[in-house]
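K.L.:
Supplied in C-alpha cells, the structure appears directly below.
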Ligand SMILES: C[S@@+](CC[C@H](N)C(=O)[O-])C[C@H]1O[C@@H](n2cnc3c(N)ncnc32)[C@H](O)[C@@H]1O
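Residue numbers (the numbering used here): 194 to 405.
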C-alpha cells in the first residue's frame with residue numbers, strides 16, 4: 194500500500210495549502226483541493242515548451258515544473274507570481290528538490306501575490322506570459338480567479354507583452370469561450386490539446402495561445 198505523508202502545510206487567507214508525499218510522488222493541495230502531483234506533468238511541461246524564451250512571467254508556482262522546464266530551456270529571466278506565500282517559503286527552503294532548484298536559480302524572481310492584482314502595477318514587457326493558476330474558467334479552485342479569464346484582464350496581460358510576445362493559458366479541459374474571447378482580442382489565437390492519461394483514464398487538457 195502507498196504511504197501518505199504531509200510534508201508541509203499552512204493556512205492562508207485563501208485556504209489551506211499543503212505538500213504531501215504519496216508513495217514516490219509529491220502532491221499539491223490548494224484551498225483544500227487536489228491541484229496536481231508530480232506523477233503526470235506532461236501539460237505543465239508542454240506549457241513551458243510552447244513559450245518563447247527571453248523574459249518570461251509565470252502565474253502559479255505550483256510544484257515548479259513549468260518554471261524548471263523554462264530554466265532548462267534557457268530562459269534569461271523568469272518572474273513567478275504565487276498566491277500562496279507558504280509555497281514560496283517552502284521553495285526557498287528546498288522542501289522539494291524541484292521547488293528548491295527553481296528558487297535558487299539566479300534568473301528567478303519569486304513574487305508573492307495574486308497575479309490579477311500584481312500585473313496591473315507591472316509595466317513588463319515579457320516575451321512570454323504563462324498562466325497556470327487554476328483549472329480554467331469552467332472549474333475554479335478559487336472563485337476569485339474567474340477574473341483571470343475575463344476579457345479585461347486578458348487584455349491587460351496582452352498589453353504587457355513585447356512585440357511578438359505570447360500569452361499562454363493552461364486549462365484542465367477545452368474552453369471554447371476562452372478561445373473566443375482571445376480571438377476577439379488578437380489576430381492569432383489558437384488551442385493546443387494535450388492528451389494525458391491518469392489511472393487508466395484519458396483527459397484532454399488544453400493550452401490557449403495568443404500572440405501580439
Ligand atoms: C496547478 S498549480 C501550477 C502548476 C505549475 N505549472 C507547475 O508546473 O507545477 C497552480 C498554482 O497557482 C497558484 N495560484 C492560484 N491562484 C493564483 C493567483 N490568482 N495568482 C497567483 N498564483 C495563484 C496556486 O497557489 C498554485 O500554486
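Note that CB positions come from ideal geometry on N, CA and C, so glycine has one too. Quick caveat: nothing in here was measured; it's all calculated off a predicted structure.
(1) Using a Cβ distance threshold of 8 angstroms, determine whether the stretch 381 to 399 contacts the stretch 253 to 264, with at least three qualifying pairs required.
(2) Here's the rule: buried if 16 or more other CB atoms are within 10 angstroms of the residue's CB, otherwise exposed. What is residue 237?
(3) Is the CB-CB distance between residue 389 and residue 233 below 7 angstroms?
(4) Rounded to whole angstroms, what is the Cα-Cα separation between residue 207 and residue 357?
(5) Could you check what DSSP says for residue 318 in three-state terms: helix, strand or coil?
(6) Which residues mark the beginning and the end of the beta strand (DSSP E) in which residue 396 is found?
(7) Leaving out five residues before and five after residue 297 in sequence, what residues of the same chain have Cβ atoms less than 6 angstroms from its Cβ?
(8) Suppose the cutoff is 8 angstroms on Cβ atoms and the five residues either side in sequence are ignored; what does the same chain contact list for residue 196 look like?
(9) When the Cα of residue 304 is compared with those of 288, 347, 340, 253, which residue comes out closest?
(10) Which of the three DSSP states, helix, strand or coil, is assigned to residue 235?
(11) Using beta-carbon positions only, say whether residue 353 and residue 317 come within less than 7 angstroms of one another.
(12) Under the assumption that residue 402 contacts residue 243 (Cβ atoms under 8 angstroms), give the Cβ distance between them as a whole number of angstroms.
(13) Could you check whether residue 271 and residue 323 sit closer than 7 angstroms to each other, using their CB atoms as the reference points?
(14) In the DSSP assignment, the beta strand (DSSP E) including residue 388 goes from what residue to what residue?
(15) Comparing C-alpha positions only, which one of 269, 344, 399, 287 sits nearest to residue 329?
(16) When every heavy atom of ligand 2 is checked, does at least one fall within less than 6 angstroms of the C-beta of residue 194?
P.N.:
Taking the structure as given:
(1) no
(2) Against the chain shown, residue 237 aligns to sequence position 44. Buried.
(3) Start at 1 with the first residue of the chain shown, and residue 389 comes out as number 196. Start at 1 with the first residue of the chain shown, and residue 233 comes out as number 40. Yes, the pair counts as a contact, with Cβ atoms nearer than the cut-off.
(4) Start at 1 with the first residue of the chain shown, and residue 207 comes out as number 14. Start at 1 with the first residue of the chain shown, and residue 357 comes out as number 164. Using only the alpha carbons, I get a separation of about 35 angstroms.
(5) By one-based count along the chain shown, residue 318 stands at place 125. DSSP places residue 318 in coil when its eight states are reduced to three.
(6) Position 203 of the chain shown, counting from 1, holds the residue named residue 396. Segment 394 to 404, the beta strand (DSSP E) holding residue 396.
(7) Stepping through the chain shown from its first residue, residue 297 is reached at position 104. No residues qualify anywhere along the chain.
(8) Counting from one through the chain shown, the residue named residue 196 turns up at place 3. Correct list, in chain order: 214, 215, 216.
(9) Along the chain shown, read from residue 1 onward, the residue named residue 304 stands at position 111. Answer by Cα proximity: 253.
(10) Counting from 1 along the chain shown, the entry for residue 235 is found at position 42. It is helical.
(11) Indexing the chain shown from 1 puts residue 353 at position 160. Indexing the chain shown from 1 puts residue 317 at position 124. Yes, Cβ-Cβ distance for residue 353 and residue 317 is below 7 angstroms.
(12) Position 209 of the chain shown, counted from the start, is the residue given in the question as residue 402. Position 50 of the chain shown, counted from the start, is the residue given in the question as residue 243. The pair is a contact, with the Cβ atoms about 6 angstroms apart (cut-off 8 angstroms).
(13) One-based indexing of the chain shown puts residue 323 at position 130. One-based indexing of the chain shown puts residue 271 at position 78. For residue 323 and residue 271, no; Cβs fall outside 7 angstroms.
(14) For the purposes of this step, residue 388 is identified with residue 195 of the chain shown, where counting begins at 1. Segment 381 to 391, the beta strand (DSSP E) holding residue 388.
(15) Mapped onto the chain shown, residue 329 falls at position 136. Selected option, being the one with the closest Cα: 399.
(16) Summarising the ligand content, the structure contains ligand 1 and does not contain ligand 2.
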